[in-house]
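Structure first, then comments.
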Amino acid sequence: MTDLVLVLGVLAASAVGLWAWRRWRPVSFWYGVGFPARAVLVYLTWHHVASGCRLTRNRRRLRFTLDAVPVVGSASRSAATVVEQKRRVRRVDVERAPRLGVLRPTRLGWRMRLRLHDGQVPADYEKAAEGIAHAWRVHSVRVVDVRPGFVTLWATLRDPLVDVVAEPETGELLRVRPGKLENGRDWVIDFRTVPHWINAGATQSGKSNLANALIKGLAPQPVALVGFDLKGGVEFTPYAPRLSALATTRQESVDLLADLVGEVETRMALCRAHGARNVWTLPESRRPVPVVVLVDEVAELFLMADKSEKDQIARTATALLRLAQLGRAFAVYLVVCGQRIGSDLGPGVTALRAQLSGRVCHRVNDPETANMTLGDLDPAAEDAARAIPAETPGVCVVADQDGSWHRARSVYVPESTAEQAAHDYAHLTPDWDALIGSVPTARPAA
Ligand SMILES: Nc1ncnc2c1ncn2[C@@H]1O[C@H](COP(=O)(O)OP(=O)(O)O)[C@@H](O)[C@H]1O
Ligand SMILES: [Mg+2]
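Count the sequence shown with the numbering used here and you get residues 80 to 525, in order.
See below:
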């Protein structure tokens, strides 16, 4: 009796200890207890899970079987035939699961490499991922890395995008960390790697929040910010102290775009004069200040109130396309926000979209918007964007030109925070007239 009490006491104490460990030291609990237990379970159940998700293959194998063989010429006179058990080698079908590699823990789950069966492709695993996630009772399973003959699966226990907290900025030039990726890493927008971005989504999906995050992240950096806000300037006017230029009417936007194209051409001439391919290979003293152009609702730039605006709109389209084509080399970067960025807006929009290689797609109301934003990259990304629920504004699918994509969420940056940053760093705002006139006119006589 006392033994039983002792055993129960020890069990209860261990349970409380584990609970407390998990409660107060969740990270070490995960690596010390949670992950090893999960790993054992994954290995033990893998055959079953793979079979349920149709990832197994039947292989013919040679196996010993015990067969009943009638004994010929038996001495027995009875009606029954005498049989003898004989070992025989037979070919039988054996179900084989794909071979699992070593499970490696991550902060939010684990990753593991799998060896594909002959004839399997990574897409088979993408299709099976949801089933595997349910079988493992985890939030999601994604195919993250593909090598010839192998795929890596990434399992996450819970959605890391429910609570996204701000990380301090690193202060690297033209790099902003607006939020988190689904794999728990920082979401990085690096304009020097991916110069131009589309920021698409329905109203209330988090587009302006991302713009706020970008303004907050870029405000302390030595860059010029330029805004286009044809919805009467309500979105960007509060940030005016940190904006070098802001266009709120059609005429202003045509003029500002002309300035920007002129600036790009001046930079081009400067680079040519120095034998440089882009502004980053110029001597530092001659390097012009990078310009990040934010366009609030791109449809407004293309909206025609009457025929007289046709010419202005055509010029707008041409100028934007030119900026997108040349901007990378000459440090002029575009972030184009909009509910839809499709050919229905006007001529030239499809060509513009093709130049904007960074894509952010928030929740969408119609499948076409997801298709316009992500469809030319990866159909799976498009499906993920369509599945974003309304309750989680700021959640989006981020893709860049190398074809990889992630679910992500921006950190909540209310207007007041971005406005505060614009005020705090107003002294860093390059003067627009000085900026477009500042680059020495090294243009050689044509
Ligand atoms: N990353 C986020 N985290 C939490 N809430 C957000 C986030 N992004 C947006 N929101 C909320 O959603 C609302 C709408 O976002 P907003 O950026 O104005 O959408 P849009 O510009 O697409 O219409 C915001 O007022 C804010 O309350
Ligand atoms: Mg908005």
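For every residue, glycine included, the Cβ atom is placed at its ideal position computed from N, Cα and C.
Just so we're clear, the structure is a prediction, and the values are computed from it rather than from any experiment.
Own chain residues within Cβ distance below 7 angstroms of residue i, not counting five before or after
| i | result |
| --- | --- |
| Thr-460 | The sequence shown places Ala at residue 460, rather than the Thr named in the question. Closer than 7 angstroms at Cβ, skipping near neighbours: Leu-453, Val-476, Ala-478 and Trp-484. |
| Leu-289 | Pro-257, Asn-278, Val-439 and Ser-489 |
| Pro-426 | Ala-396 |
| Ala-505 | Pro-320 and Arg-321 |
| Arg-366 | Val-358 |
| Glu-379 | Leu-309 and Lys-310 |
| Val-267 | Arg-254 and Arg-256 |
| Gly-228 | Arg-194 and Leu-195 |
Residue i in three-state terms, based on DSSP
| i | result |
| --- | --- |
| Tyr-204 | helix |
| His-506 | helix |
| Ala-355 | coil |
| Ala-396 | helix |
| Val-326 | Here residue 326 turns out to be Ala, not Val, going by the sequence shown. Strand, per DSSP. |
| Pro-179 | In the sequence under discussion, the amino acid at residue 179 is Leu, which differs from the Pro named in the question. Residue state, collapsed to three classes: strand. |
| Cys-350 | helix |
| Tyr-318 | helix |
| Gly-210 | helix |
| Ser-483 | coil |
| Ile-515 | helix |
| Glu-174 | strand |
| Thr-81 | helix |
| Arg-271 | coil |
Residues near residue i by beta carbon distance below 8 angstroms, same chain, minus five either side
| i | result |
| --- | --- |
| Ala-281 | Gln-418, His-441, Arg-442, Val-443, Asn-444 and Thr-448 |
| Gly-482 | Leu-456 and Asp-457 |
| Glu-498 | Pro-317 and Tyr-318 |
| Val-273 | Ser-436, Gly-437, Asp-479 and Gln-480 |
| Arg-356 | Cys-350 and Ala-408 |
| Ala-208 | Ser-219, Val-220, Arg-221, Val-222 and Leu-232 |
| Cys-132 | Ala-207, Gly-210, Ile-211 and Ala-214 |
Span of the alpha helix (DSSP H), counted from its first residue to its last, around residue i
| i | result |
| --- | --- |
| Phe-381 | 377 to 381 |
| Thr-448 | 446 to 453 |
| Thr-429 | 428 to 434 |
| Arg-465 | 458 to 465 |
Residue i: first and last residue of the uninterrupted beta strand (DSSP E) it sits in
| i | result |
| --- | --- |
| Lys-286 | Not the beta strand (DSSP E): Lys-286 falls in the alpha helix (DSSP H), residues 286 to 297. |
| Pro-149 | 136 to 149 |
| Met-191 | 188 to 194 |
| Leu-232 | 229 to 235 |
C-beta neighbour in chain D for residue i, strict 9 angstroms
| i | result |
| --- | --- |
| Val-474 | Absent from the structure: chain D. Only one protein chain is present. |
Residue i CB to nearest heavy atom of ligand 4 below 8 angstroms
| i | result |
| --- | --- |
| Ser-495 | Ligands in the displayed structure: ligand 1 and ligand 2; ligand 4 is not one of them. |
For residue j and residue i, believed in contact at Cβ under 8 angstroms, the rounded distance
| i | j | result |
| --- | --- | --- |
| Arg-254 | Ile-294 | 15 angstroms between Cβ atoms; not a contact. |
| Val-428 | Gly-421 | 7 angstroms |
| Trp-109 | Leu-179 | That belief does not hold up - the Cβ atoms of Trp-109 and Leu-179 are roughly 20 angstroms apart, past 8 angstroms. |
| Ser-287 | Glu-314 | 6 angstroms |
| Ala-298 | Ala-501 | 6 angstroms |
| Ser-284 | Pro-472 | 6 angstroms |
Cβ shell of residue i (< 6 angstroms), same chain only, five flanking positions each side left out
| i | result |
| --- | --- |
| Gly-96 | none |
| Ile-515 | Asp-338 and Glu-342 |
Contained alpha helix (DSSP H) runs [length at least 4] in the stretch 84 to 126, N- to C-terminal order: For the alpha helix (DSSP H) assignment, the uninterrupted runs of no fewer than 4 residues enclosed by the stretch 84 to 126 are, from N- to C-terminal side, 105 to 108.
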